[in-house]
Each structure stands twice: as structure tokens, then as C-alpha cells.
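Residue numbering for the sequence shown follows our numbering, starting at 400 and increasing by one per position.
The block underneath contains the structure these notes are about, expressed in C-alpha cells.
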Amino acid sequence: MNKKTGSADFSGRLWKLFASVKLTVVLLLSLAVTSILGTIIPQNESADAYLNEYGEFLYKILSAFDIFDMYHSWWFQFLLLMLTINVVVCSINRFSASWKIIFVKNLFFDVSKFRNLADKEEFTDSRSPEDLKSIYVPIVSRSFRYRRIEETGNGFCIFAEKGRWTRIGVYAVHLSVILLLVGGLIGSIFGFAGFVNIPEGETVNDISLNNIGKTQRLNFKIRCDNFNVKFYDSGAPSEYRSKLTILEQGKSVLTRDIIVNDPLRYKGINIFQASYGELPPREIALNFKNRVTGMSHKKKVPLGEKFNLSGDTGQFVIEGYRNSYNFGGHNLGKTFMGILTPNNGSPVHVILPVRFPFFDGMRKGDLIISVEDYDHRYYTGLQVTRDPGVLVVYSGFLIMILGCFITFFMSHQRLCVEISKSEKKSRIMVAGTANKNKLGMQNRIKNIVKSMGK
Numbered sequence: 400m401n402k403k404t405g406s407a408d409f410s411g412r413l414w415k416l417f418a419s420v421k422l423t424v425v426l427l428l429s430l431a432v433t434s435i436l437g438t439i440i441p442q443n444e445s446a447d448a449y450l451n452e453y454g455e456f457l458y459k460i461l462s463a464f465d466i467f468d469m470y471h472s473w474w475f476q477f478l479l480l481m482l483t484i485n486v487v488v489c490s491i492n493r494f495s496a497s498w499k500i501i502f503v504k505n506l507f508f509d510v511s512k513f514r515n516l517a518d519k520e521e522f523t524d525s526r527s528p529e530d531l532k533s534i535y536v537p538i539v540s541r542s543f544r545y546r547r548i549e550e551t552g553n554g555f556c557i558f559a560e561k562g563r564w565t566r567i568g569v570y571a572v573h574l575s576v577i578l579l580l581v582g583g584l585i586g587s588i589f590g591f592a593g594f595v596n597i598p599e600g601e602t603v604n605d606i607s608l609n610n611i612g613k614t615q616r617l618n619f620k621i622r623c624d625n626f627n628v629k630f631y632d633s634g635a636p637s638e639y640r641s642k643l644t645i646l647e648q649g650k651s652v653l654t655r656d657i658i659v660n661d662p663l664r665y666k667g668i669n670i671f672q673a674s675y676g677e678l679p680p681r682e683i684a685l686n687f688k689n690r691v692t693g694m695s696h697k698k699k700v701p702l703g704e705k706f707n708l709s710g711d712t713g714q715f716v717i718e719g720y721r722n723s724y725n726f727g728g729h730n731l732g733k734t735f736m737g738i739l740t741p742n743n744g745s746p747v748h749v750i751l752p753v754r755f756p757f758f759d760g761m762r763k764g765d766l767i768i769s770v771e772d773y774d775h776r777y778y779t780g781l782q783v784t785r786d787p788g789v790l791v792v793y794s795g796f797l798i799m800i801l802g803c804f805i806t807f808f809m810s811h812q813r814l815c816v817e818i819s820k821s822e823k824k825s826r827i828m829v830a831g832t833a834n835k836n837k838l839g840m841q842n843r844i845k846n847i848v849k850s851m852g853k
């Protein structure tokens, strides 16, 4: 066996493999199983979360197979590619037979095949075949775009056809599946999904990808100009809004407010409002009250900066801030942590919950400290995604809807009306075939016969 023969045999076996419906079933089942697995195992969580859930040994095994980001894994992309090739080859393999029917130039009608049909209508008419021709041809033409008259030995036949092109409907569905798979592949290979937290007034151009710790640099910068949040009476947020500016080469090119479900789209990248959080304030307004005299005074202090108390009685510093603080089993909410250092004493830790201004009164000391106000600073949490295959996927959906409509609601219909002279009468046979909706074709034949009788 020479090299050419061996190569041809291999190509033939490969073509046969990809034209197999069994391969389609195997690939679809594999994708179904992996998709179920992807719903059972949370995707794109932190490494610590997976370690706590599965332990170090199982974590390493699952991580080696990219189970934690399986929709971007090489093996999932390979399955999609194999299924795409499989659908393409199956479509090509079966399209050759349909091609001969759809694109034939010289239509051939065999009247004997129509005579042998079980569902046909036969009746007689007292008029001659020539008289009936001028009546029947317009009736058939109303229902069928293409019609042809062929003379026979003792009469004539009217052949008609419509919807030959509808046989391509199933291949439109095949094309839509291919587009969906190709779009998914494009999105999986070239797309990304990540998040970024931007404090008010700051600018970023790097985001953290969802697939565990990797980063993605954008070809533009995002600046958070302002962030606003509104609350219900219960304290739950009713709306949060970010004012974002897109910067390119240091220049502002787009400014827009975004809220939940109303993203900013720029150069194929979608920026969604996903979350928010409060940042440690830079300046706090404190109230100092003398326990003995009842006198108090206010002072604005920066976070983390030590300062002298009035009367040179000591020093104080706000060293930290927490969004929530648990004390004695109760959540005090937003709380500042400070250290008070008297001149003649040891440092004392001071807890200053914002909601409870008299909390420090429980501490035995000359001063009662409370928080009057502070500058509220927020960061906006953005989800940033890019899916270059989305237009391909949308095109696939539209073509699938069109293909399904053609496949299930339209058919290729052929009609034969044979008129032959029988003694002093004309004998008429009306028969037809359809590749789908046989019952609908029978009703059409009956309606045509009724029109002929009239």
C-alpha cells in the first residue's frame, strides 16, 4: 500500500468518524455531564474557599483539570470544537442528497408514482379535457407557484410544486448550532470575566479575573468620579449608582452613570455595577467630654495620626476602623478603634461605635470620647466582562428560530392533476405528496377538488 492510498484510507476513516451520529451523542452527553459538574462545584471562587471545602489533596486534583474554571479549560474547549466539527461534517455528508432535490434545474415528474398513492381524489366531469384545462390551470396556480402542463395520449397532466427550498430548513438549524458552538468557543478563548473595586476619585486599568487570582489589563482606564447609595428605612440599600469616566491616553472619552442592570459598554467590554463598600474615612470629628466638669469640645482628626489632648493631658490616635464590631455577642456596627495614652498612665484601648455615642462612658476615665461625624468614602464594585462571540451566538439564535419555523411549519409539496378522456366524459385524478405534514397536504388536495367541482 503506497502513501497516497494510506492517506486516503485514514482521511476516509476520519471523515466517517466525524459523520457518526454516535459521536454526536457521546459529545452531547459529555458536555451535559460536565455542565452538571460545573453547577455542583462553584466556579471561580477563591483558592482558600476551595481548600476549606475539598482539602489540599482533592483541591490539587480538581485544580489540575481546571474544574474550578471549567468553561475556560482546554478540555471543555476541545469538546466544543469536536462537536462543531461533528455537526459540520454531518451536515455536509447529508446535504448532498438534498442538494439534488433543492437545486435541480429540470424537474422530473413521474405520473405513475402519483397514481400509486393511497391518498388521492378521483372523479369524472362531463366536459372535455380541453375545456377543463382553462378552468383547472388557474385553480392550481393559486396554490402553487410552479406549474407545468404535459400532454398525454388521451388528455394532459398538470404538475405543480412549491416549497422545494424549505428542505434547507434543517440545515439552517444545523448552521445555528454551529454558530452557537463557535460563538461559545470564541467567548471561552478570547473573552474574560473579572471584577475590580475602585475608590471614589481613583483610576484603574487592571481587573482581577474570576479564574482565581489572575489579572487582565484593559486598553483603557476606568475612573470612579462619584458614588452614591440610597437606603430604605430598614437600612437596606435601595439603589447604588457610580459615575464612571473612561480615559484613553490621559483624556476623557466617555462619562456615564451606571446602576444595577444598566451597564456601560465600551469597545466590546461590559462594565456592570455589582457591589459597593465603605472605605476607612480619612478624617473623623470627635467629641471629648470631661466627666467631672461636663465640659466638651470637638476636634477633627486624621485617621492614624497621633495628636495631643487639650490641657496637655495625654495623646490620642484613631488607629483603625471596622464596618462591624462584635462586643459581648452584639454587633455594634461601624466602629472606630483608638488608643488613649495619658501622661501618667498606660495606653488604653478605646472602642467608639458610631451608633452608640455614650458607649465610651462605660470606660472609667476622665474623658468620654464619641464620634460626631466622619467623611463617608465608598468604593464601587464593578464586574467587567468581554465576550467577543456574543454576536455570533445571537446570530445563531436568530437563525435557529428561522430554521425551526421553516422545518416545522413549512414543507415541500408536489401536486399532479391528471385529466384523461373516458368515452364522453373526462376522468380526473388529483394526488399530491409532501415531505412533512401529510395531513395538511390531504386537506389541500380536498380543497382543490372542491374548487374544481365548483
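We put the beta carbon where it would ideally sit given N, CA and C, even for glycine.
Opening and closing residue of the beta strand (DSSP E) in which residue i lies
| i | result |
| --- | --- |
| N669 | 668 to 678 |
| E647 | 636 to 647 |
| Y778 | 776 to 785 |
| E682 | 682 to 689 |
| R544 | Here R544 belongs to no beta strand (DSSP E), and DSSP marks it neither H nor E. |
| M799 | Unbroken run through M799 is the alpha helix (DSSP H), 789 to 808; no beta strand (DSSP E). |
| N834 | That residue, N834, is in no beta strand (DSSP E); it is neither H nor E in DSSP. |
| V749 | 747 to 752 |
| N596 | 591 to 598 |
| F626 | 614 to 630 |
| M736 | 734 to 741 |
Residue i and residue j closer than 7 Å at C-beta
| i | j | result |
| --- | --- | --- |
| F687 | L739 | no |
| P679 | Y720 | yes |
| N553 | K820 | yes |
| M481 | L426 | yes |
| E520 | V829 | yes |
| G345 | P741 | No answer is possible for residue 345: the residues shown for the chain start at 400 and end at 853. |
| R547 | S540 | no |
| A418 | C489 | yes |
| L413 | L479 | no |
| G737 | V749 | yes |
| G586 | D786 | yes |
| T602 | R622 | yes |
| P528 | I827 | no |
Residues near residue i by beta carbon distance below 8 Å, same chain, minus five either side
| i | result |
| --- | --- |
| T654 | D624, K642, L643, T644, I645 |
| F619 | N604, I645, L646, E647, V652, Y665, K666 |
| L416 | L422 |
| L450 | Y458 |
| D656 | R640, S641, K642, L643 |
| F706 | K698, V700, Q714, F715, V716 |
Residue i - containing alpha helix (DSSP H), residue span
| i | result |
| --- | --- |
| A446 | 446 to 463 |
| V848 | 837 to 852 |
| S695 | Per DSSP, S695 belongs to no alpha helix (DSSP H); it is in the beta strand (DSSP E), 695 to 701. |
| K650 | It is not in any alpha helix (DSSP H) - K650 instead sits in the beta strand (DSSP E) that spans 650 to 657. |
| R721 | Here R721 belongs to no alpha helix (DSSP H); instead the beta strand (DSSP E) covers 713 to 721. |
| T423 | 420 to 439 |
| F494 | 473 to 501 |
Per-residue burial, residue i [other beta carbons within 10 Å of its own, 16 or more giving buried]
| i | result |
| --- | --- |
| F757 | exposed |
| L579 | buried |
| M851 | buried |
| L790 | exposed |
| R813 | buried |
| M840 | buried |
| A496 | exposed |
| S695 | exposed |
| T438 | exposed |
| A559 | buried |
| S441 | Strictly speaking, residue 441 in this sequence is Pro, with Ser absent from that position. Exposed is the call here. |
| N842 | exposed |
| A446 | exposed |
| G649 | exposed |
| N515 | exposed |
| N609 | buried |
| T523 | exposed |
Contacting residues, own chain, Cβ-Cβ under 7 Å from residue i (five flanking each side not counted)
| i | result |
| --- | --- |
| M799 | V572, S575 |
| A673 | F594, G780, L781, Q782 |
| S607 | G593, F594, V595, T614 |
| V487 | I577 |
| C803 | V572 |
| W864 | Examination of residue 864 is not possible in this model, given that the chain is present from 400 through 853 alone. |
Presumed contact (8 Å Cβ cut-off) between residue i and residue j, rounded CB distance
| i | j | result |
| --- | --- | --- |
| Y778 | P636 | Their Cβ separation, rounded to whole angstroms, is 14 Å, which puts Y778 and P636 out of contact at 8 Å. |
| F630 | G780 | About 17 Å; that fails the 8 Å criterion. |
| D774 | R681 | 6 Å |
| T358 | N669 | The question about residue 358 has no answer here: the residues shown for the chain are numbered 400 through 853. |
| G732 | R754 | 5 Å |
Same chain, Cβ closer than 6 Å to residue i, neighbours up to 5 away in sequence not counted
| i | result |
| --- | --- |
| V747 | L739 |
| K835 | S810 |
| K698 | L685 |
| G600 | none |
| V659 | Q672 |
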